[in-house]
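K.L.:
With numbering that gives the first Met the number 0, the residue at position 239 of the sequence shown is 238, and numbering never jumps.
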Amino acid sequence: MNSPTLSSRNLAEPVPSASGGQGAPSGTPLVRVLHLSDIHCGHPFVGAHVDGALALARAGGWNAIVVSGDFSQRAREREFRQARELLDALRTFAPVLTVPGNHDTAWWHAPFGVGDASRLHTGYRAWINEDIEPVLRVPGLSIVGLNSSWGMLSAALTWYPRDWRVKGGLTDAQLDRAAAQLAESPADDLRLLVVHHNVVRGNLSRRWGMKRPQLMLDRIAALNVDVVCTGHDHEERVEVVERRTGRFVISAANTLSRRMRGRRASALNIIEATATDVTVSAWTFLDGAFIAGPARATMPRSHAGT
């Protein structure tokens with residue numbers, strides 16, 4: 000459907016299980032996470048895509064659901080209210096972790112740091128989550144969310160006007176806090192970091208999502224995470240990232256809106272972990288449903304059981 004509301008009919012219909020077949024890793028998954036991003040409620044919203052994501056969520060077996068930002072298009076209350084309806088539906092299937100995106104950030108309240116920076120995420124806090132850097136722990140899984148959406152504050156500001164309001168960033172304090180939170184996780188937990196901005200350079204956009212991108216990659220790899228969930232670039236991306244400080248699988252989810260890059264199909268990602276490996280697969284929207292696509296990456300869980 001293409002209406003700006005969610006379909007109660009689709010919430011009730013049974014669908015085949017999302018596990019098994021082309022998108023499932025070898026072995027029995029112990030942990031399964033559904034990763035969505037960039038809903039863009041407002042003009043770009045596509046109801047059929049969101050209904051397809053809800054159908055997949057309803058298939059069950061998820062330990063958690065991650066939504067990595069850009070719930071709104073213009074950070075307006077009516078857009079956040081619509082996104083909240085989606086989140087309420089997702090929470091009936093599994094615990095949900097969210098982080099804000101740049102479109103959820105009211106940068107105009109503090110351009111170049113002038114104004115009231117405390118109002119940047121007022122709408123997001125009111126309708127999506129009061130906590131912009133949540134931590135979710137369920138058996139076998141630890142997820143740490145960080146806010147990379149700073150509007151036009153120094154944490155994300157560069158000298159290039161094209162980056163203003165769009166670029167993301169993480170501070171040293173944020174990364175240090177994430178390291179401490181992840182260090183508290185049980186040794187055999189699957190560990191996820193969630194930020195909005197893409198931490199690898201876009202294949203289609205050719206743009207980095209983060210300020211200080213090479214340093215960010217090294218710092219993130221040193222966190223000892225298995226998977227880094229991002230959005231922002233509107234291009235599905237799954238691959239193993241190798242750095243001198245460590246490695247992780249990138250789960251960059253495409254958008255569920257009309258803002259797909261390069262006329263690609265809408266897509267979301269599925270993360271599945273066995274006792275020894277973690278696999279991320281991109282699922283694309285085709286004929287009214289999300290199906291497993293060819294993009295897939297697997298990495299050994301080097302710290303599992305240590």
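By construction, the Cβ of each residue, glycine as well, lies at the ideal position given by its N, Cα and C atoms. It should be emphasised that the depicted structure is a prediction, and the values quoted were computed from it without experimental measurement.
Roughly how many whole angstroms lie between the Cα atoms of D276 and R300?
P.N.:
Against the sequence shown, residue 276 aligns to sequence position 277. Against the sequence shown, residue 300 aligns to sequence position 301. If you take the alpha carbons of D276 and R300, they lie about 5 Å apart.
K.L.:
Any idea if T305 is buried or exposed, counting beta-carbon neighbours within 10 angstroms, 16 or more meaning buried?
P.N.:
In the sequence shown, residue 305 corresponds to position 306, counting from 1. Low confidence applies here, because T305 scores a pLDDT of 46, under 50, leaving its location unreliable; read the following figure in that light. Exposed: under 16 other Cβ atoms inside 10 Å.
K.L.:
In this structure, how does DSSP classify S153 when only helix, strand and coil are distinguished?
P.N.:
By 1-based counting over the sequence shown, the position of residue 153 is 154. Coil, per DSSP.
K.L.:
Sort out for me which residues DSSP pairs M215 with in a bridge.
P.N.:
By 1-based counting over the sequence shown, the position of residue 215 is 216. Its beta-bridge partners do not exist; DSSP assigns none.
K.L.:
What's the call for H42, buried or exposed, on a 16-neighbour Cβ count within 10 Å?
P.N.:
What you label residue 42 is simply residue 43 of the sequence shown in a count that begins at 1. Result: exposed.
K.L.:
Kindly indicate which residue of V193, N197, V237 and A82 has the alpha-carbon position closest to the one of C40.
P.N.:
The residue you call residue 40 lines up with position 41 of the sequence shown. For C40, the nearest C-alpha among the options comes from A82.
K.L.:
If R190 sits next to S184, beta carbons under 8 Å apart, how far is it from one beta carbon to the other, in whole angstroms?
P.N.:
Looking up residue 190 in the sequence shown gives position 191. Looking up residue 184 in the sequence shown gives position 185. About 6 Å separates the two Cβ atoms, so the contact holds.
K.L.:
Check this for me: beta carbons of H195 and V98, under 8 Å apart or not?
P.N.:
Position 196 of the sequence shown, counting from 1, holds the residue named residue 195. Position 99 of the sequence shown, counting from 1, holds the residue named residue 98. Their beta carbons are under 8 Å apart, which means H195 touches V98 by this criterion.
K.L.:
Below 6 Å CB to CB, which residues in the same chain sit around G261 once its five sequence neighbours on both sides are set aside?
P.N.:
Here the question's residue 261 lines up with position 262 in the sequence shown. Excluding sequence neighbours, G261 sits near L203.
K.L.:
Between which two residues does the beta strand (DSSP E) carrying G292 extend?
P.N.:
Sequence index remark: in the sequence shown, residue 292 carries index 293 (1-based). Residues A288 to P299.
K.L.:
Is the region 109-117 close to the region 64-84, with three or more CB pairs under 8 Å?
P.N.:
Not touching, per the Cβ criterion.
K.L.:
Answer yes or no: do M245 and N223 have a C-beta to C-beta separation smaller than 8 Å?
P.N.:
Counting from 1 along the sequence shown, the entry for residue 245 is found at position 246. Counting from 1 along the sequence shown, the entry for residue 223 is found at position 224. For clarity, residue 245 is Gly in the given sequence; the question names Met instead. Contact: yes.
K.L.:
Rounded to whole angstroms, what is the Cα-Cα separation between V143 and I249?
P.N.:
Walking along the sequence shown from the start, residue 143 turns up at place 144. Walking along the sequence shown from the start, residue 249 turns up at place 250. Taking the straight line from one Cα to the other gives about 15 Å.
K.L.:
With distances taken Cα to Cα, identify the nearest neighbour of D187 among R242, S147, S141 and T229.
P.N.:
Residue mapping note: residue 187 aligns to position 188 of the sequence shown, counting from 1. Taking only the C-alpha atoms, the option nearest D187 is S141.
K.L.:
For R246, which beta-bridge partners are listed by DSSP?
P.N.:
Translated into the one-based positions of the sequence shown, residue 246 becomes position 247. Partner(s): E241.
K.L.:
Restricting to runs no shorter than 3 residues, where is the beta strand (DSSP E) found entirely within the region 128-180?
P.N.:
Qualifying beta strand (DSSP E) stretches, in chain order: 134-137 and 140-144.
K.L.:
Among the candidates F247, V134, M259 and R295, whose CA atom is the shortest distance from the CA of Q180?
P.N.:
The residue labelled residue 180 in the question sits at position 181 within the sequence shown. It is V134.
K.L.:
Check D232 in the structure and name its three-state DSSP category.
P.N.:
Counted from its first residue, the sequence shown places residue 232 at position 233. Of the three classes helix, strand and coil, the one that applies to D232 here is coil, per DSSP.
K.L.:
The alpha helix (DSSP H) that contains D87, what's its start and end?
P.N.:
Numbered from 1 along the sequence shown, position 88 holds the residue referred to as residue 87. Where D87 is concerned, the enclosing alpha helix (DSSP H) stretches over E76 to L89.
K.L.:
Residues in its own chain within less than 6 Å of L192 by CB, not counting five upstream and five downstream?
P.N.:
Looking up residue 192 in the sequence shown gives position 193. So the list reads V143, V224 and V227, once near-sequence residues are dropped.
K.L.:
Would G208 be called buried (16 or more neighbouring beta carbons within 10 Å of its own) or exposed?
P.N.:
Locating residue 208 in the sequence shown gives position 209, where the first residue counts as 1. Flag for G208 reads buried.
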